[in-house]
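Going by the working numbering, the sequence shown opens with residue -9, and the numbers climb by one from there. Glycine residues also receive a C-beta, built at the ideal position from the N, C-alpha and C atoms. Since we're looking at a predicted model, the values are computed, not measured.
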Amino acid sequence: MILPTDIHTLSSFRRKARQRLDRLHSTGRPEVFTAKGAPSVVVQDAAAYQRQAEKIAVLHALAESVRQVEAGQVHDARKAVRKLLNEMKRP
-9 MILPTDIHTL SSFRRKARQR LDRLHSTGRP EVFTAKGAPS VVVQDAAAYQ RQAEKIAVLH
51 ALAESVRQVE AGQVHDARKA VRKLLNEMKR P
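Now the structure itself:
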C-alpha cells in the first residue's frame, strides 16, 4: 500500500537518493515519484518486489484452480497420487 508519505518528486529523489534507497530497503514499501505533478514511476526494494511477485503467482494459481473446479475439471486425489507413483516407477 502506498502512503501519502511515499510520494515524492523525481527531483527530491535525485537530491536525496541515498536516503531514499535506505528507506526503501528498511521499510520494503514502494515509493512513487512524480514528474510535472503526475505519478511517473514506482520504485521498490528488490527483495520486497520478489515477495510481491511470488504472492501474485500464488494468487494466479489459486484463481486457475477455482476456474478448473467450476468447470468440473477435477480428479480424485487418491487416483492422481497412485498414477504419479506408478509413473515414477517406470524406467
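Proximal residues to T24 (C-beta, below 8 Å), its chain only, five neighbours per side dropped: I(-3), H(-2), T(-1), L0, S30
Option in R68, L49, R41 with minimal Cα separation from R19: R41
Whole-angstrom C-beta distance between L14 and D35, which should lie under 8 Å: 5 Å
Classification of E21 by the beta-carbon crowding that lies within 10 angstroms, buried from 16 upward: buried
For I(-8), three-class secondary structure by DSSP: coil
Pairwise C-alpha distance: L49 and V32: 22 Å
When Y39, S55, H65 are compared against M(-9), the one with the closest alpha-carbon: Y39
Sequence-distant residues of the same chain with beta carbon closer than 8 Å to Q58, five excluded per side: V64
Helix, strand or coil at A61 according to DSSP, with G and I counted as helix: coil
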